[in-house]
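J.: This is the structure I want to talk about, given as structure tokens.
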Amino acid sequence: MKLFTFICALLVVIPARQIYASPCDSNNYDKAEYYAEKAGHEIVRKYGGGNDIRVVLSSCSYNSFSDLFKLNIQVYWNGIFFTDTHYNIDGELKMQSDGSNTEFAETYANDSVEDLKTFRVIVGGIILLGTLSHQN
15 MKLFTFICAL LVVIPARQIY ASPCDSNNYD KAEYYAEKAG HEIVRKYGGG NDIRVVLSSC
75 SYNSFSDLFK LNIQVYWNGI FFTDTHYNID GELKMQSDGS NTEFAETYAN DSVEDLKTFR
135 VIVGGIILLG TLSHQN
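Structure, rendered in structure tokens:
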């Protein structure tokens, strides 16, 4: 009976720790902004590049137990050749606190981005960004 109680307690506690995350404090928010900016530029590069890249960090949470960031970002840019073409893609960015194991899962893309997708292959809506290092 004690083993059963222990296992039940683990089943409740472990998933709760993995799911639970606090809003980023000021130190974590600074790091999140840095990585969001780098990720936004990398996303634009994966779509062929662009000008006037702007990244908005709309939410930030950090799980100190798993050392994971979960960010919601919005990326805006203009076309390289046709600057009047405006692109916007939003999504969830997950990564370790050192910028490794970074994944971007798209939640929204405007029509211009959808048009780009017809020319590029993005598997499963997930863009693997690799490690976002501290180097420029």
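Letter by letter, the sequence shown follows residues 15 to 150 of this note's numbering. No residue lacks a Cβ here, since even glycine has one placed at the ideal position from N, Cα and C. Model, not experiment: these values are computed from the prediction.
For the stretch 76-83 against the stretch 51-67, are there 3 or more C-beta pairs whose distance is under 8 angstroms?
T.: In short, these stretches do not touch, since the Cβ pair count stays below three.
J.: Please identify the residue among D39, Y49, S36 and A123 whose C-alpha is closest to the C-alpha of I103.
T.: Comparing Cα positions, the closest option is A123.
J.: Three-state secondary structure (DSSP) at Y49?
T.: Of the three classes helix, strand and coil, the one that applies to Y49 here is helix, per DSSP.
J.: With DSSP as the reference, identify every bridge partner of L71, one or two as the case may be.
T.: Per DSSP, I87.
J.: Tell me whether S40 sits in a helix, a strand or coil according to DSSP, three-state version.
T.: In this structure, S40 counts as helix in the three-state DSSP scheme.
J.: Just reading off the beta strand (DSSP E) that D104 is part of, what are its end residues?
T.: Segment H100 to Q110, the beta strand (DSSP E) holding D104.
J.: Reducing DSSP to helix, strand and coil, say where D66 ends up.
T.: Three-state DSSP puts D66 in a strand.
J.: From the DSSP secondary-structure annotation, give me the bridge partner or partners of N77.
T.: Note: N77 sits in a beta bridge opposite L82.
J.: Among residues of its own chain, excluding the 5 on either side of I94, which ones have a beta-carbon nearer than 8 angstroms to its beta-carbon?
T.: Cβ within range, chain order: G62, G63, G64 and N65.
J.: For V127, which residues of its own chain have a beta-carbon under 8 angstroms away from its beta-carbon, when the five flanking residues on both sides are left out?
T.: Around V127: Y61, Y101, N102 and I103.
J.: What does DSSP give as the partner residues of Y61 in its beta bridges?
T.: In DSSP, Y61 forms no bridge with anything.
J.: Within 10 angstroms of the Cβ of F118, are there 16 or more other Cβ atoms? Answer buried if so, exposed if not.
T.: When all chains shown are included, F118 counts as buried.
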